[in-house]
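Notes follow once the structure below has been shown.
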Amino acid sequence: MKVPLLELRHISVSFEGFLALNNLNLSLQAGELRAVIGPNGAGKTTFLDVITGKVKPTSGDVIFKNCSLVGKREHQIARLGIGRKFQSPRVFESLTVFENLTLAVSKPKRPLPLLFDNNNQSKNLDQIHHLMNIVNLQTRKDIYAGSLSHGQKQWLEIAMLVGQDPDLLLVDEPVAGLTDEETELTADLLRSLTGDHTILVIDHDMEFIRRLNNPITVLHQGSVLCEGPMSQIQTDPRVVEVYLGRPEELEK
Ligand SMILES: Nc1ncnc2c1ncn2[C@@H]1O[C@H](COP(=O)(O)OP(=O)(O)OP(=O)(O)O)[C@@H](O)[C@H]1O
Ligand SMILES: [Mg+2]
Numbered sequence: 010m011k012v013p014l015l016e017l018r019h020i021s022v023s024f025e026g027f028l029a030l031n032n033l034n035l036s037l038q039a040g041e042l043r044a045v046i047g048p049n050g051a052g053k054t055t056f057l058d059v060i061t062g063k064v065k066p067t068s069g070d071v072i073f074k075n076c077s078l079v080g081k082r083e084h085q086i087a088r089l090g091i092g093r094k095f096q097s098p099r100v101f102e103s104l105t106v107f108e109n110l111t112l113a114v115s116k117p118k119r120p121l122p123l124l125f126d127n128n129n130q131s132k133n134l135d136q137i138h139h140l141m142n143i144v145n146l147q148t149r150k151d152i153y154a155g156s157l158s159h160g161q162k163q164w165l166e167i168a169m170l171v172g173q174d175p176d177l178l179l180v181d182e183p184v185a186g187l188t189d190e191e192t193e194l195t196a197d198l199l200r201s202l203t204g205d206h207t208i209l210v211i212d213h214d215m216e217f218i219r220r221l222n223n224p225i226t227v228l229h230q231g232s233v234l235c236e237g238p239m240s241q242i243q244t245d246p247r248v249v250e251v252y253l254g255r256p257e258e259l260e261k
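Counting from 10, one number per residue, gives the positions in the sequence shown under our numbering.
Here you go:
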């Protein structure tokens, strides 16, 4: 068995005695696309907060590329190669699509050498065009990000994240507020990134999760309830029980 890219070992998080995560175990192989679902309050956001260093676990360990993340600061973890997309798009609205992507692919640690390095500039330009292509924004190159639709802003942000080339992309509820068509396109976009990238995506939208067509982890009360493909998750009586408040989600 290969060493996982990311491993959460016996993670618990207590908020003043309330266990938001309770002995959570999860591992992710490089190149994998994993969906994480679970009812409200299951601990999904807390789980991402633990990986990115926003919340320190009460116990347990997070191992990423053979290195423990517990105790590291958020910017250190980001620098190790973990990128996070928050629920609401965080793009620079007064910059164009092209300018947003230029910022994303520039390596801020070496701005001067980059400025005078023609080779690097053309490499960046190629990458920006590649990124615009994968999120279908080529024709929006010179449009201000503020004028894009909500879905296009989400895609631009995903492209910016990919441009930073993190080893692991954490994507939090990317299709909330998107049209059905935009939702389908977002699923296809994430699938197209699989293999070259390792992606962990959280969402409530079962149609979206189904279209991702990849293994699913179900969280409940801070622990993993079960893992498997949609066909298995959908018929698991424990999952049906947990989602009983919203049976329509599973019947689709
Ligand atoms: N800072 C905090 N202090 C106290 N309790 C918290 C804190 N953050 C989260 N919780 C509680 O921990 C539990 C898990 O919260 P979390 O936000 O991780 O759930 P979630 O699965 O993301 O839910 P949702 O689907 O509603 O976004 C919830 O009961 C929440 O009220
Ligand atoms: Mg949440």
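Beta carbons are placed, not taken as given, at the ideal position from N, Cα and C, and that holds for glycine.
| Query | Result |
| --- | --- |
| For ligand 2, list every residue whose C-beta falls under 6 Å from any of its heavy atoms, going in chain order. | K53 and T54 |
| Would the beta-carbon of N223 be found less than 7 Å away from any heavy atom of ligand 1? | no |
| From the DSSP output, which residues share a beta bridge with Y153? | T105 |
| Would you decide whether F24 is buried or exposed? Buried here means 16 or more other CB atoms lie within 10 Å of its CB. | exposed |
| Cα separation between N223 and H159? | 25 Å |
| Just the Cα atoms here: how many angstroms apart are P238 and I225? | 6 Å |
| Note down, one range per segment and in chain order, each alpha helix (DSSP H) of at least 4 residues found wholly within the stretch 42 to 79. | 53 to 61 |
| Taking its Cβ as the centre, do 16 or more other Cβ atoms sit within 10 Å of F56, making it buried, or is it exposed? | buried |
| Touching or not, the stretch 46 to 54 and the stretch 72 to 79, by the rule of three or more beta carbon pairs under 8 Å? | no |
| Name the two residues that bound the continuous beta strand (DSSP E) containing T207. | T207 to I211 |
| Only counting the same chain, and skipping five residues up and downstream in sequence, which positions put a Cβ closer than 8 Å to that of G47? | K53, V227, L228, H229, L234 and V251 |
| Looking at V64: is its Cβ nearer than 8 Å to the Cβ of I20? | no |
| Assign S97 to one of three DSSP states: helix, strand, or coil. | coil |
| Are there 16 or more other CB atoms within 10 angstroms of the CB of H138, so buried, or fewer, so exposed? | exposed |
| For L209 and P183, I'd like the C-alpha separation in whole angstroms. | 11 Å |
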